[in-house]
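J.: Quick one: structure below, then a few questions.
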Amino acid sequence: MARFGRQFLADRAGVVGLAILLLFVIVALTAPLLVPHFEVTPAAGRGNPDLAPPSAEFPLGTDEIGRSVLAQLIWGARISLFIGVVATLVAVFIGSAVGVTAGFVGGRVERILMAIDDWFLVIPFLPLAIVLAAVLGSSATTLAVVIGVTSWAGSSRLLRAQVLSVKERLFVERSRALGAGGWHLVTRHVLPHTGPLILANAILTVPGAILAESTLAFLGFGDPFQPSWGKMLEGALASGAISLDAWWYYWPPGLCIVAVVLAFTLVGRALERILDPRLTDQPMSR
Amino acid sequence: MNARYLGRRLFGALGMLAFVLVFNFFLFRIIDSDPLAKYRGRVLTAEKRAEIIEKFGLEGSKWEQFVRYVRQTIRLDFGYSTDTGRRVWGVILELLPNTLWLVGLSTIITVSLGLWLGAKAGWRRGSRFDKISTGSSMLLYAMPEFWLGMLLLVFLGSRTGWFPTGGVRDVAGDPSGINALVDRLHHLFLPTLTLVLAYLGSYSLIMRSSVLETVREDYLTVARAKGLRDHDVMRRHAVPNALLPSVSLIAIGFGYVIGGAITTETVFSYPGLGLATSDAIKNNDLAMLQALFFLSSAALIVANLVADLLYGYLDPRIRRPGR
Numbered sequence: 102m103a104r105f106g107r108q109f110l111a112d113r114a115g116v117v118g119l120a121i122l123l124l125f126v127i128v129a130l131t132a133p134l135l136v137p138h139f140e141v142t143p144a145a146g147r148g149n150p151d152l153a154p155p156s157a158e159f160p161l162g163t164d165e166i167g168r169s170v171l172a173q174l175i176w177g178a179r180i181s182l183f184i185g186v187v188a189t190l191v192a193v194f195i196g197s198a199v200g201v202t203a204g205f206v207g208g209r210v211e212r213i214l215m216a217i218d219d220w221f222l223v224i225p226f227l228p229l230a231i232v233l234a235a236v237l238g239s240s241a242t243t244l245a246v247v248i249g250v251t252s253w254a255g256s257s258r259l260l261r262a263q264v265l266s267v268k269e270r271l272f273v274e275r276s277r278a279l280g281a282g283g284w285h286l287v288t289r290h291v292l293p294h295t296g297p298l299i300l301a302n303a304i305l306t307v308p309g310a311i312l313a314e315s316t317l318a319f320l321g322f323g324d325p326f327q328p329s330w331g332k333m334l335e336g337a338l339a340s341g342a343i344s345l346d347a348w349w350y351y352w353p354p355g356l357c358i359v360a361v362v363l364a365f366t367l368v369g370r371a372l373e374r375i376l377d378p379r380l381t382d383q384p385m386s387r
Numbered sequence: 017m018n019a020r021y022l023g024r025r026l027f028g029a030l031g032m033l034a035f036v037l038v039f040n041f042f043l044f045r046i047i048d049s050d051p052l053a054k055y056r057g058r059v060l061t062a063e064k065r066a067e068i069i070e071k072f073g074l075e076g077s078k079w080e081q082f083v084r085y086v087r088q089t090i091r092l093d094f095g096y097s098t099d100t101g102r103r104v105w106g107v108i109l110e111l112l113p114n115t116l117w118l119v120g121l122s123t124i125i126t127v128s129l130g131l132w133l134g135a136k137a138g139w140r141r142g143s144r145f146d147k148i149s150t151g152s153s154m155l156l157y158a159m160p161e162f163w164l165g166m167l168l169l170v171f172l173g174s175r176t177g178w179f180p181t182g183g184v185r186d187v188a189g190d191p192s193g194i195n196a197l198v199d200r201l202h203h204l205f206l207p208t209l210t211l212v213l214a215y216l217g218s219y220s221l222i223m224r225s226s227v228l229e230t231v232r233e234d235y236l237t238v239a240r241a242k243g244l245r246d247h248d249v250m251r252r253h254a255v256p257n258a259l260l261p262s263v264s265l266i267a268i269g270f271g272y273v274i275g276g277a278i279t280t281e282t283v284f285s286y287p288g289l290g291l292a293t294s295d296a297i298k299n300n301d302l303a304m305l306q307a308l309f310f311l312s313s314a315a316l317i318v319a320n321l322v323a324d325l326l327y328g329y330l331d332p333r334i335r336r337p338g339r
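Residue numbers (this note's numbering), protein chains in the order written: chain A, 102 to 387; chain B, 17 to 339.
Right under this line is the structure:
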């Protein structure tokens, strides 16, 4: 475990990613302390100039109804990270369950599960998420579940492959000979081996979930009372911030999305490099 | 080609399509199933009620409704837009050509450019070209497609005035002939550039991995031992084999013709199926959303089928009996 920590710290890209991640997590968690929630409600805009450039009072200017852009940016971090993480948990949970079951049970069950997996891989993600969100509603939790349900397909194959390779190994046969049942094999042998890979895969799934959330928010889904980076960009577009060149409105949310996505990607790839040296493309020394 | 392989793939595709129908029906008729709800509390004559029931296909048991739904879908009758009242299929047909232009053009460019970049990066793994290309791909992936569009809109559209900021053609004048084509391309430039930049990274990374895997194969060592120059080895042996998975990708890229440009069309107010989707969301036009979901899924199912068959045709190893 300590060796793992040292290996990770030696990976420069991974450390940078982790630092950025920690920054955003801290901001998201302390948002209520930094900015009162009132600032992001429509009422807060009253009396303020609309689409005003940055000033002492509004470090990132105001949006089209006079609210502080910085306040929305800070609160938006909460929604993006919350939905990103919850959606990933849902996706990884479903994917792992399907993958492990398919790999372990085999036969007809495996074929059916892999057919379902195929279906989700083929169907275009955005239209599927749109119809689900349109019918089921767009609260933060619902959206997280919708995104999770539409993105689990990739993880299950990975897990199934892992389970299949573990199944072959001798110690599993020996365990079985000693009378070990399926559950024991899964929890004591399969999961410890595949756990780290599930983790790396999960971390690499978060970027997709965050991009998905920002896209759905941009299209109009999402709790109307919670700001989100995607919604801010939609506001920027709809209010003419583009033609009026209100750069303080359309640059920051986009940059935040990019930063968080890159951070998770860097950390996830660093983990992959440590866990599976065969995946390494660059020389190990950095 | 092996008839069994073809048959199996075809059966699989039909099965997926059937599941889309079941899924749609389940979602829209069972979960959200009462268009009459908004009339509650208002006076509803017997005739009006019958009219609504017929329009939304609510007569009969759930099973009868489902059969009717399947029949209508096969006839391309997707009902009426709950927003404009027009026939959904009519609206879709009208907007389809615009989206075809956009997605067709951008897919061709993205695939060609992506494959070239990926092959070059893979062939010279670790080189500066490779590092820059892989790094930029990662950066572009992290940028939401619509944000990229907005930035391009600002820098090349509203600030400089080089390109129009929306629409598909110039409404003021009424160009015809070659001028119409130029005008269309002028309006297509920014949305196409957005899509190309957004997806360039994926294609180039996949081609790169494909080349990296091929490079380890033995037949390349043989080619080199024969004395072929490096460039020839790449061109005549490595690339054709590395292209195999890419062929599938190209087919699938075209499969996104219906559902692939939703946010880009929205940013540029480009009147295509993507903008229609965006409007349907804003107006809660479930009939339109349902139809668009079905069509975009169908397009991808067909594209995947074509990709599978192409791959099977090009790579005999896949077709062996028992697969």
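Even for Gly, the Cβ is constructed at its ideal location relative to N, Cα and C.
Using 8 Å as the Cβ pair cut-off and three pairs as the minimum, do the region 356 to 372 of chain A and the region 157 to 169 of chain B touch?
T.: Yes, the region 356 to 372 of chain A is in contact with the region 157 to 169 of chain B.
J.: So the candidates are B:166, B:27, B:115, B:151; which of them puts its Cα closest to the Cα of residue 370 of chain A?
T.: Of the listed residues, the one whose Cα sits closest to residue 370 of chain A is B:151.
J.: State the CB to CB distance for the pair residue 218 of chain A and residue 254 of chain A, rounded to an integer number of angstroms; the pair is presumed to be in contact (CB under 8 Å).
T.: Indeed, because the Cβ distance is near 5 Å, the residues count as touching under 8 Å.
J.: Apart from the five residues on each side of it in sequence, which residues of its chain come closer than 6 Å, Cβ to Cβ, to residue 179 of chain B?
T.: Counting only Cβ-Cβ distances below 6 Å, and skipping sequence neighbours, we find 172, 173, 205, 206.
J.: Determine the burial state of residue 382 of chain A: buried for a count of at least 16 other Cβ atoms within 10 Å of its Cβ, exposed for fewer.
T.: Residue confidence is low: residue 382 of chain A scores 43 on pLDDT, short of 50, so the model does not pin down where it sits. Its coordinate-derived value is still stated next. Residue 382 of chain A is exposed by the Cβ-count criterion.
J.: Could I get the ranges of all uninterrupted alpha helix (DSSP H) runs contained in the region 144 to 188 of chain B, with 4 residues as the minimum, in chain order?
T.: The qualifying runs are 144 to 158, 161 to 168.
J.: Between residue 204 of chain A and the rest of its own chain, which residues show a CB-CB distance below 6 Å, the 5 nearest in sequence each way excluded?
T.: Only 261, 264, 265 meet the Cβ criterion.
J.: Please list the residues of the region 219 to 239 of chain A that have a C-beta atom closer than 8 Å to any C-beta atom in chain B, keeping them in chain order.
T.: Here the close residues are 219, 220, 223, 224, 225, 227, 228, 229, 231, 232, 233, 235, 236, 237.
J.: Would you mind telling me which residues of chain A sit closer than 9 Å to residue 298 of chain B, beta carbon to beta carbon, in chain order?
T.: Correct list: 320, 321.
J.: Buried or exposed for residue 247 of chain B, please, with buried defined as at least 16 other CB atoms from any protein chain shown within 10 angstroms of its CB.
T.: With fewer than 16 Cβ atoms within 10 Å of its Cβ, residue 247 of chain B is classed as exposed.
J.: Give me the Cα-Cα distance between residue 264 of chain B and residue 127 of chain B, rounded to the nearest whole angstrom.
T.: C-alpha separation (whole angstroms): 11 Å.
J.: State the DSSP-derived secondary structure class of residue 103 of chain B, mapped to helix, strand or coil.
T.: The answer is strand: DSSP assigns residue 103 of chain B an E or B state.
J.: Whose C-beta lies closer than 6 Å to the C-beta of residue 340 of chain A among residues of the same chain, with five residues either side of it excluded?
T.: Excluding positions up to five away in sequence, the list reads 165.
J.: With a Cβ-Cβ cutoff of 7 Å, do residue 129 of chain A and residue 182 of chain A count as a contact?
T.: Cβ atoms of residue 129 of chain A and residue 182 of chain A: closer than 7 Å.
J.: Quick one: give me the first and last residue of the alpha helix (DSSP H) that residue 168 of chain A is part of.
T.: No alpha helix (DSSP H) holds residue 168 of chain A; DSSP gives it neither H nor E.
J.: Let's test the definition: count the other Cβ atoms within 10 Å of the Cβ of residue 224 of chain B and tell me whether it reaches 16, buried, or not, exposed.
T.: Buried.
J.: From the DSSP output, which residues share a beta bridge with residue 163 of chain A?
T.: DSSP, once it has assigned bridges, lists A:169 as partnering residue 163 of chain A.
J.: Spatial neighbours of residue 135 of chain A within its chain, please: CB distance less than 6 Å, with the 5 preceding and 5 following residues excluded, ordered by chain position.
T.: For residue 135 of chain A, where only same-chain residues beyond five positions count, the Cβ hits under 6 Å are 175.
J.: Measure from the C-beta of residue 275 of chain B to each C-beta in chain A and report whether the shortest distance is under 7 Å.
T.: By this cut-off, residue 275 of chain B is an interface position.
J.: Quick one: using the 10 Å Cβ neighbour count with 16 as the cut-off for buried, is residue 196 of chain A buried or exposed?
T.: Buried.
J.: Output, in sequence order along the chain, the residues in the region 296 to 320 of chain A whose CB is closer than 8 Å to any CB in chain C.
T.: Although the question refers to chain C, the structure presented lacks it and instead comprises the protein chains A and B.
J.: Between the region 293 to 302 of chain B and the region 227 to 237 of chain A, can you find at least three pairs of beta-carbon atoms closer than 8 Å?
T.: Cβ pair count under 8 Å is three or more, so yes.
J.: DSSP three-state label for residue 272 of chain B, please.
T.: The answer is coil: DSSP assigns residue 272 of chain B none of H, G, I, E or B.
J.: Chain A partners of residue 44 of chain B, CB-CB under 9 Å?
T.: Within chain A, the residues near residue 44 of chain B are 232, 236.
J.: For residue 350 of chain A, which three-state DSSP category applies?
T.: Reduced to three states, the DSSP call for residue 350 of chain A is helix.
J.: For residue 158 of chain B and chain A, any beta-carbon pair shorter than 7 Å?
T.: Yes, contact with chain A.
J.: Going along the chain, which residues of its own chain have a beta-carbon closer than 6 Å to the beta-carbon of residue 295 of chain A, five neighbours each way excluded?
T.: Cβ neighbours of residue 295 of chain A beyond the five flanking positions: 263.
J.: Please report how far the alpha carbon of residue 314 of chain A lies from the alpha carbon of residue 241 of chain B, in whole angstroms.
T.: Using only the alpha carbons, I get a separation of about 52 Å.
J.: Alpha carbon to alpha carbon, how far is residue 131 of chain B from residue 335 of chain A?
T.: Going by the C-alpha atoms only, they are around 33 Å apart.
J.: Taking residue 19 of chain B as part of the alpha helix (DSSP H), name the residues at either end of that continuous run.
T.: Here the alpha helix (DSSP H) through residue 19 of chain B covers 19 to 41.
J.: Hey, out of A:121, A:259, A:344, A:147, whose CA is closest to residue 198 of chain A's CA?
T.: Among A:121, A:259, A:344, A:147, the Cα nearest to that of residue 198 of chain A is on A:259.
J.: Kindly identify the DSSP beta-bridge partner or partners of residue 96 of chain B.
T.: Answer is B:103, bridged to residue 96 of chain B.
J.: Going by beta carbon distance, what residues of the same chain come within less than 6 Å of residue 342 of chain A, once the five residues before and after it are set aside?
T.: If we look at residue 342 of chain A and ignore the five residues flanking it on each side, its Cβ neighbours are 350, 351.
J.: For residue 267 of chain B and residue 319 of chain B, I'd like the C-alpha separation in whole angstroms.
T.: Distance between the alpha carbons of residue 267 of chain B and residue 319 of chain B is about 6 Å.
J.: Can you tell which of A:338, A:311, A:192, A:105 has its C-alpha closest to the C-alpha of residue 257 of chain A?
T.: Closest by alpha carbon: A:192.
J.: Can you list, in chain order, the residues of its chain with a C-beta nearer than 7 Å to that of residue 288 of chain B? Leave out the 5 residues immediately preceding and following it.
T.: Once the five neighbours on either side are set aside, the close Cβ partners of residue 288 of chain B are 111, 114, 115, 118, 277, 281.
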